[in-house]
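Residue numbers (my numbering), protein chains in the order written: chain C, 1 to 440; chain Y, 441 to 720. Heads up, the beta-carbon is just placed ideally off N, CA and C, and yes, glycines get one too. Here is the structure we will look at.
As structure tokens, this is what we get:
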């Protein structure tokens, strides 16, 4: 079975929320839709206080090359445009909408019927994806249209990321089981947009039912191949997945398009299907809410902008002894500062952890065992990089390719001395990137 | 006997040859070094802090000797006294630079700012600031992990364990500016030391809207503009929901200090005002 070659770890999977029907979260009283949910510049708001909006109404437009459109996820009245404290504790602009009823824009097709035919041209598809505000739903939230444009007519293979290598998360798994047919239409739309003849869907082997389900469905389309992968973290990293499926290596500082590949997350594929075939912009997403002590861990369809609090209550409330609430998975996710923050496009999971699971152990001195360098999927030497950052040796850090780090956290996970390797490397990476930008 | 004589002559000859080579080499490859560089280096405080913008005191000494005037060259550690001595040595003039001192523009102590979450990561401001806004509702204020104290070469800045804010020792601070670069929240500023070390400054950098700032911290600047109105010298500018006192215009009248409803303006080293006895 295929997998990527360098490094990688095997954290406990803990996929406790899977194998259940995806539920729908009831409408909240108010949604808060941040204007910067994607990578790049924040969007420019188009509505003002007192405006009436429907589900799918455009409320902010993209403000630059890398930026995304934002749509209202509920119907109601714009209460205000103000700052909210985002998951990181910093103030961000957001549109507050008071929910009144549930009225959708007229052109959105709400039926569940599968629409297979797509007669749009490549450019029309990409522009529709842009207008629907679709960003990468795997977590990084990079605008999908920009990624497609970078690879259009240049690449030969489309890779679909269904690995879901993060422990705990099951949203992609549930989506593949429930919406398999739609996903295959979505993949074909993306292939048409990119003008490629090959699509590879990489799924880790711990989701055997999803592999089987998609394999049966994809028999009709010989150009789409479902490939089971050996379970290993971080297989969902773009470069790792490309290596695993095609044996191509993306050099540092280059894009996947440079080696003839574009990678899209399985969640994004479904959003593309809905946008192109059903005219439905990205206003809902599927979120895993999970945790070992949580009463009812599950995958939920959530309107963008719903407070995290409501999602947790839906799953049984915050259990006693919870010390950290993490947006995303346990490896790459970030702890959030309070539960009033809204669900954004890039939030794939809400994970509640107890003290013993989440609190850091005391860091001790480096014993030079080299474990961190062994597990690094990018051949970096985390122990040295940490030292360079600690002593502010930025030129050395740059020489040792600190900017290649994908922040998967394998080094910190594996360190027997509990050293905070990733924290230093992430901070140093930001600093080095800043130095490189200033040089230009 | 012959052998001994021969060896003495050979060894002596080699020695003499070596002397000749070294002598001509030293003449040929001689590097001229201005003797004044050493002199000036002896005047300088030898802190090697880099505050002057040159690599260490020797770099600064070489720069002073090399350049034709002393404009723009200043050793903040030695101050005007050292600069005057350097000018005397070089026979040049130097303008007096106003002595500066670092101030921390945050007063969000544990008492004034409640903690709303607990950070358990690496205890440095550099890393914590990259991860999130901090343990308090104010994302502009001091994080309290003391990166500024770690870089200070003069032991002039220390964390107060009670308030969890850095405090500056005025006797020791040389205004080298290292702590300013170390603070990711840009809280530390160099300000004029002022007569008798008396200073007035706004001890807050929160740019949030007044209502948000008020909730976040008891002593935040809420841009109420009261200080701006009361100031007779137009020294106070309010921009982005934040007041700033221009130390070039401020005459230290202290009107703004008593006017501020949130006690965000701090006065240092002033004699205590006599309490007015109110007759009821």
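Counting C-beta pairs with one atom in each stretch, the stretch 258-272 of chain C and the stretch 123-139 of chain C have three or more that are closer than 8 Å, which means they touch.
Of all C-beta pairs linking the stretch 610-622 of chain Y to the stretch 585-594 of chain Y, three or more are shorter than 8 Å, placing the two stretches in contact.
Any Cβ of chain Y closer than 8 Å to the Cβ of residue 77 of chain C would place that residue at the interface, and such an atom is absent. Residue 557 of chain Y has a beta carbon lying within less than 8 Å of a beta carbon in chain C. Under DSSP, residue 557 of chain Y forms no beta bridge with any residue. With the rule of 3 Cβ pairs closer than 8 Å, the stretch 533-550 of chain Y counts as touching the stretch 632-646 of chain Y. In its chain, beyond the 5 residues on either side, 93, 94, 96 have a beta carbon closer than 8 Å to the beta carbon of residue 82 of chain C. Collapsing the DSSP output to three states places residue 200 of chain C in a strand.
Sequence-distant partners of residue 656 of chain Y (beyond 5 residues in either direction) whose C-beta falls short of 6 Å from its own C-beta, in its chain, are 577, 578.
In the structure shown, the three-state DSSP call for residue 268 of chain C is helix.
Of the other Cβ atoms in all chains shown, fewer than 16 fall within 10 Å of the Cβ of residue 600 of chain Y; this residue is therefore exposed. Residue 83 of chain C has a beta carbon lying within less than 8 Å of a beta carbon in chain Y. Annotation for residue 684 of chain Y: the continuous beta strand (DSSP E) segment containing it runs 682-685. Taking 8 Å as the cut-off, the beta carbon of residue 708 of chain Y is found closer than this to the beta carbon of residue 639 of chain Y. Contact between residue 59 of chain C and residue 45 of chain C holds: their C-beta atoms lie close to 6 Å from each other, under 8 Å. For residue 645 of chain Y, not one C-beta of chain C is nearer than 8 Å to its own C-beta. Chain C places a beta carbon closer than 8 Å to that of residue 648 of chain Y, counting this residue as a contact. Excluding sequence positions up to five before and after residue 379 of chain C, its CB lies within less than 7 Å of the CB of 6, all in the same chain and listed in chain order. DSSP, reduced to helix, strand and coil, places residue 580 of chain Y outside both helices and strands of the structure shown, so it counts as coil.
DSSP, read as helix, strand or coil, puts residue 44 of chain C in strand. At a cut-off of 8 Å between beta carbons, residue 337 of chain C contacts chain Y. Interface criterion met: the Cβ of residue 430 of chain C is under 8 Å from a Cβ in chain Y. Of all residues in the stretch 566-581 of chain Y, only 566, 567, 570, 571, 572, 573, 574, 577, 579 come within less than 8 Å of chain C when Cβ atoms are compared, listed by chain position. For residue 110 of chain C, the closest alpha carbon among the candidates C:323, C:348, C:273, C:297 is that of C:273. Contact annotation: the stretch 38-56 of chain C does not touch the stretch 228-238 of chain C, with fewer than three C-beta pairs closer than 8 Å.
Here residue 382 of chain C is buried, its C-beta having at least 16 other C-beta atoms within 10 Å. For residue 290 of chain C against residue 22 of chain C, the beta-carbon gap comes to about 13 Å, at or over 8 Å, which does not count as contact.
Counting only runs of 3+ residues, the beta strand (DSSP E) found wholly inside the stretch 613-677 of chain Y occupies 628-632, 639-642, in chain order. When CB distances to chain Y are screened at a threshold of 8 Å, not a single residue of the stretch 126-157 of chain C falls below it.
For residue 561 of chain Y, at least one C-beta of chain C is nearer than 8 Å to its own C-beta. Contact between residue 311 of chain C and residue 25 of chain C is confirmed by a C-beta separation of about 6 Å, below the 8 Å threshold. Per the coordinates, the alpha-carbon of residue 163 of chain C lies some 6 Å from the alpha-carbon of residue 236 of chain C.
Secondary structure of residue 351 of chain C (DSSP, three-state): strand. Comparing alpha-carbon positions, the option among Y:553, Y:571, Y:554 lying closest to residue 560 of chain Y turns out to be Y:571.
Listed in chain order, the non-local C-beta contacts of residue 480 of chain Y below 7 Å within the same chain comprise 501, 504, 505, 526, 529, local neighbours out to five positions each way being set aside. For the stretch 400-423 of chain C, the set of residues with a beta-carbon nearer than 9 Å to any beta-carbon of chain Y comprises 420, 423, in chain order.
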